[in-house]
Amino acid sequence: MNFVVIRSQGISLRINRRVPFMVLCLALAILVAMTMNLGRGEYPISPGDIVKTLLGLDTGNPDHAFVIYNLRLPRTLVALMVGVALAISGTIFQGLTRNPLADPSIIGINAGASLAAVSVIVLFPSAPIYTLPLSAFAGALLMAILIYSLAWNNGSSPILLILIGIGLSAIATAITSLMITFGEIYNVSNALVWLAGSVYGRTSEQVFSLLPWLLVFIPMALTLARHLNALNLGDDVAKSLGSRVEWQRGLLILVGVALAGAGVASAGNIAFVGLIAPHLGRQLVGTTHEGLIPISALLGGVIVVMADFLGRTLFAPIELPCGVITAAVGAPYFLYLLIRNRKK
Amino acid sequence: MKGLSTKSLSLAYDGATIIRDLNLAIPGGQISALVGANGCGKSTLLRGLARLLKPRDGIVYLDGNSILNLSTKEIAQQLGILPQGPVAPEGLTVRDLVAQGRYPYQNWLQQWSIKDETIVQQALEITDLLKLADRALDTLSGGQRQRAWIAMALAQDTDILLLDEPTTFLDLAHQIEILDLLYDLNQIQGRTIVMVLHDLNQACRYADYLVAVKDGRIFAAGEPKLVMTKEMVQEVFGLECRIVLDPVVGTPMCIPIGRKTKINHQQIE
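Protein chains in written order, with this note's numbering: chain F, 12 to 355; chain L, 638 to 906.
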């Protein structure tokens with residue numbers, strides 16, 4: 012059998028045998044990627060010294076602790092968390108819409124979050140940092156409602172959803188540009204760094220404003236996985252199986268929107284992570300969401316940390332935002348999926 | 638009262654009333670077939686019976702209770718429906734699909750009880766899918782895929798099974814394979830089966846109770862040999878035909894008359 016079954020009083024669980032194994036592999040990959048990322052920079056630090064510093068051991072160089080804890084670790088952690096958030100959001104939207112292309116960055120949810128966050132940066136520059144995720148969430152939610160009412164009707168074609176999403180995305184991006192053109196120069200430059208989809212200069216402040224969102228919404232996503240499986244079979248079948256379709260879907264949209272919004276609020280619009288991670292995840296562990304959600308979450312983490320590493324390495328000392336790297340890989344992949352989808 | 642029945646049921650889509658003031662009692666433990674011309678409302682009626690469509694008026698009863706008063710999960714433990722042409726997500730395996738049938742019995746803590754496992758295994762066995770259980774649905778033939786969906790509905794372990802045109806898009810051999818499977822489920826396990834069928838002759842052969850629907854109303858209902866008359870076919874389908882007996886099982890068969898009536902003796906010989 013390909014499954015691990017756990018049963019004790021009142022509790023039973025079945026997961027694909029590959030899930031725990033892949034979780035271990037990916038956790039290892041994340042550790043390696045993060046170590047690489049922590050060592051990288053104008054001031055290189057060896058992996059051995061990184062591990063020592065993280066364990067609180069003395070490396071004989073007091074600068075190490077400062078560089079790692081104050082400069083590089085927050086940035087790497089933000090990259091990891093953003094990747095996780097975007098990947099789970101993408102998994103949820105792909106499952107709900109039964110559309111393999113429904114990534115929050117493609118259907119406009121990230122653009123809505125960006126617009127709301129930029130509005131806050133430009134119009135209320137003195138607003139505290141925790142208002143960013145909140146406003147991004149509001150923007151993403153508004154966008155989700157718009158998409159839902161325009162294109163989500165049962166039976167509407169996958170391509171229609173994508174087209175309407177791209178249209179709404181363009182509108183939101185245009186308003187964002189407008190905001191930037193007329194904004195105060197100092198605020199605008201802040202917004203621009205952030206909009207590029209980068210984890211540059213992120214501090215522990217961002218880590219702690221993002222963390223609560225993950226702590227609330229990741230467990231929610233995992234508990235809703237069962238219902239996502241049912242909804243993934245279509246409304247009629249889900250209803251026939253006894254799913255409270257509207258309620259479960261509403262909750263899942265809320266979780267997907269919250270995670271996308273929180274991710275975008277911390278690192279700008281890092282595109283295509285929510286598209287690629289679930290696809291790779293399905294190749295690894297299949298379509299059942301109890302396993303797919305954690306696996307694609309970890310994959311998302313690896314992707315963004317690696318993208319940040321590559322962005323800082325490829326053309327060093329020039330630094331590319333990690334969003335540029337994910338787009339360079341993700342856009343061709345999206346086109347490939349689009350063409351394959353059309354053939355069916 | 639056991640089983641599924643309706644009282645003055647009216648169903649509407651986007652404001653257009655499809656089913657009007659319809660009274661129907663589905664006989665328990667039997668196979669019922671809904672037949673009628675395209676657009677007559679037979680699929681709508683099935684969706685209404687399965688609470689996929691909320692009645693505009695009237696009541697659907699399940700074991701004497703209005704289905705509006707039952708939770709959707711309770712209904713799912715007594716009544717399963719297979720909609721027309723369901724589509725599975727890419728890469729979903731047969732076993733995972735069939736396991737979904739256990740959804741109404743599971744909760745956050747109980748996700749895979751011993752009973753779940755046994756019933757899924759049985760459903761795979763009955764539908765002869767054990768060997769294909771780990772294959773992805775999109776790699777199977779139409780007939781195998783339809784069997785997998787039926788297996789999912791079986792795993793739901795309900796007394797009543799509703800199916801909307803379970804044989805569409807299948808070739809004749811696979812149509813008979815599916816109908817035989819449903820017949821076995823009825824004969825061996827005593828399940829009540831209600832299906833929408835296009836083929837009148839198959840409906841007459843497999844159903845104990847035939848319901849002819851015309852313009853959202855029941856035109857005739859009862860045993861096929863009583864319902865299936867050339868007057869009924871004329872009225873419901875607007876087709877002139879002759880009724881003969883099925884040479885294999887003796888149920889009525891409809892032979893359309895059409896325009897080509899010149900007898901070709903050579904071919905008969």
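Just so you know, even glycine gets a beta-carbon here, dropped at the ideal spot from N, CA and C.
For the pair residue 719 (chain L) and residue 770 (chain L), the CB atoms are not nearer than the 9 Å cut-off.
A direct Cα-Cα distance of roughly 14 Å separates residue 762 (chain L) from residue 826 (chain L). Around the Cβ of residue 765 (chain L), a 10 Å sphere holds fewer than 16 other Cβ atoms; the residue is exposed. Annotation: the region 42-112 of chain F contains the following complete segments of the alpha helix (DSSP H) (minimum length 4 residues), in chain order: 58-65, 73-77 and 84-108.
Only exposed fits residue 54 (chain F), as fewer than 16 other CB atoms lie within 10 angstroms of its CB. Neighbours of residue 730 (chain L) in chain F, taken as residues whose beta carbon is under 7 Å from its own, are 297 in chain order. In the three-state DSSP reduction, residue 213 (chain F) falls in the coil class, being neither helix nor strand. The alpha helix (DSSP H) runs of length 4 or more contained entirely in the region 198-272 of chain F are, from start to end of the chain, 215-242 and 246-251. With contacts defined by Cβ atoms closer than 9 Å, residue 846 (chain L) and residue 857 (chain L) do not form a contacting pair. Contact of residue 793 (chain L) with chain F by beta-carbon distance below 9 Å involves 251, 252 and 253.
Contact with chain F is absent for residue 783 (chain L), since none of that chain's Cβ atoms lies less than 9 Å from the residue's Cβ.
Taking the beta carbon of residue 709 (chain L) as reference, the chain F residues within 8 Å of it are 250, 253, 254 and 255, listed in sequence order. The alpha carbon of residue 320 (chain F) has as its nearest neighbour, out of F:211, F:127, F:74 and F:309, the alpha carbon of F:211.
Residue 777 (chain L) carries a coil assignment under DSSP once its states are collapsed to helix, strand and coil.
Of the residues assessed, residue 298 (chain F) falls on the buried side of the cut-off, its CB having 16 or more other CB atoms within 10 angstroms.
According to the DSSP assignment, residue 143 (chain F) belongs to the alpha helix (DSSP H) that extends over 142-162.
The beta carbon of residue 738 (chain L) sits closer than 9 Å to some beta carbon of chain F. Contact of residue 267 (chain F) with chain L is not assigned, every C-beta pair being separated by 9 Å or more. Residue environment: residue 345 (chain F) is assigned as buried (16 or more neighbouring CB atoms within 10 Å of its CB, all protein chains considered).
For the region 794-809 of chain L, there are no residues whose beta carbon sits under 8 Å from a beta carbon of chain F. For the region 107-118 of chain F, residues whose beta-carbon sits nearer than 8 Å to a beta-carbon of chain L comprise 109 and 111.
Taking residue 885 (chain L) as reference, the option from L:854, L:842, L:862 and L:895 with the minimal CA-CA separation is L:842. Three or more beta-carbon pairs separated by less than 8 Å link the region 805-824 of chain L to the region 772-786 of chain L, which places the two stretches in contact. For residue 832 (chain L), the enclosing beta strand (DSSP E) has its first and last residue at 829-833. Less than 9 Å divides the Cβ of residue 284 (chain F) from the Cβ of residue 116 (chain F). Of all residues in the region 232-245 of chain F, the ones placed with a Cβ closer than 8 Å to any Cβ belonging to chain L are 234, 237, 240, 241, 243, 244 and 245, in chain order.
Every candidate beta strand (DSSP E) stretch fails here, since none sits fully inside the region 266-322 of chain F while reaching 3 residues. Among the residues of chain F, those whose CB is under 8 Å from the CB of residue 689 (chain L) are 247, 250 and 251, following chain order. With a threshold of 9 Å between beta carbons, residue 21 (chain F) makes contact with chain L. The beta carbon of residue 822 (chain L) lies closer than 6 Å to those of 828 in the same chain, with the five residues before and after it left out. The beta carbon of residue 262 (chain F) does not come within 9 Å of any beta carbon belonging to chain L, so the residue lies off that interface. Interface with chain L (9 Å Cβ-Cβ cutoff): residue 171 (chain F) is excluded.
Excluding its 5 nearest sequence neighbours in each direction, residue 266 (chain F) has C-beta neighbours in its own chain below 7 Å: 103, 228, 231, 232 and 235, listed in chain order. When C-beta atoms of the region 296-310 of chain F are compared with those of the region 726-742 of chain L, three or more pairs fall below 8 Å, so the two segments count as touching. Out of L:792, L:706, L:681 and L:861, the CA that lies nearest to the CA of residue 667 (chain L) is found in L:861. Counting of Cβ neighbours within 10 angstroms places residue 224 (chain F) among the buried residues, the total reaching 16 or more.
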